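Read the structure below first, then the notes.
What follows is the structure, given as structure tokens:
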């Protein structure tokens, strides 16, 4: 099998290609209008290309036939690649890539009750971390896992749910501003990855040491690597969740901690608390 064979989609999706083309054009146009550091451009394009390779190539064939490859795929789709893209801070760049008339319409929408409600929902400090964990764990349950592997529509819902929740979560954690305007307080951004990684680590440990085949669907589909029996496949997949995903979220903890320390050193967290007191709002330690 040559390199081009690896790039052939296992399940062709015109809508996915359209989404990727639109996002690529917006970032490219925006980077010509706004100054974007080279390292940010590299992070965006590496993460962006990685997402495409994991969503629309022969990777899907192996992901449907080996549990540990499926977990590696979701490690990239849910944790690492959204983290890389959001570290490039692409939002304002892509907005700058929109035609002027669209930017004005987006501005007007953000001022409406609907727009403000959507912003609140998509950046909610409790709802977003909950979704981040939920879409990891729900697809690990044997029944949802079984049906997502035999129904291509549910399989795409599964993959897109982890990608979107990953973007939403890292958008919160990587925010470098005090709150407000950030949706989550700086020290809460330090604690959040510790809370979200805990149930994932527990699930990974359980899968690693399980003594029964939790996912017979991979045998029914026909394992791509017959040398890996069910328990060995599960053990490696559990380790991916337990160790690799934990390491990615540990990076989030360190990054958020550096942001909190920087804001504290500049007095911006303290001034936020003072402002809350001045306005008569109940204060919560950041």
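In this note's numbering, the protein residues as written are 76 to 361.
Note that the Cβ used here is the ideal one computed from N, Cα and C, for glycine as well.
Predicted model only: the values in this text are computed from it and were never measured.
If you compare the alpha carbons of 114, 104, 150 with that of residue 125, the shortest gap goes to 150.
Residue 312 carries a helical assignment under DSSP once its states are collapsed to helix, strand and coil. Uninterrupted alpha helix (DSSP H) stretches at least 4 residues long and entirely within the region 233-299 occur at 261-283, 292-296, given in chain order. Assignment of residue 133 by DSSP, reduced to helix, strand and coil, places it in the coil class. Between the alpha carbons of residue 165 and residue 275 lies a gap of roughly 28 Å. In the displayed model, residue 226 falls within coil according to three-state DSSP, outside both helix and strand. The shortest C-alpha to C-alpha distance from residue 205 to any of 247, 182, 271 is the one to 271.
Residue 298 and residue 143 have their alpha carbons spaced roughly 11 Å apart.
For residue 184, the three-state secondary structure derived from DSSP is helix. With respect to the 8 Å criterion, residue 135 and residue 103 are not classified as neighbours on the basis of their beta carbons. Residue state for residue 90 is assigned as helix, using DSSP reduced to three classes. When the Cα atoms are used, residue 326 and residue 87 turn out to be separated by approximately 34 Å. Take residue 282, set aside five residues on each side of it, and the residues of its chain with a beta-carbon closer than 6 Å to its own are 309, 313, in chain order. According to the DSSP assignment, residue 145 belongs to the alpha helix (DSSP H) that extends over 142-149.
The region 163-183 makes no contact with the region 254-263, as fewer than three CB pairs between them are under 8 Å. Cβ-Cβ distances below 8 Å link residue 191 to 185 in the same chain, with the five nearest sequence neighbours on each side left out; the list follows chain order.
For residue 277 and residue 286, the gap between their C-alpha atoms comes out near 16 Å. By the neighbour-count criterion, in which 16 or more other beta carbons inside 10 Å mark a residue as buried, residue 211 falls on the buried side. For residue 157, same chain residues with a beta-carbon under 6 Å away, outside a window of 5 residues either side, are 241, 242, 245 in chain order. Here residue 91 really is in contact with residue 131; their C-beta atoms are around 6 Å apart, less than 8 Å.
Rounded to whole angstroms, the Cβ separation of residue 152 and residue 237 is 5 Å, and the two are in contact under 8 Å. Note that the C-beta distance between residue 248 and residue 320 is not below 8 Å. Annotation: the continuous alpha helix (DSSP H) that includes residue 205 extends over 202-212.
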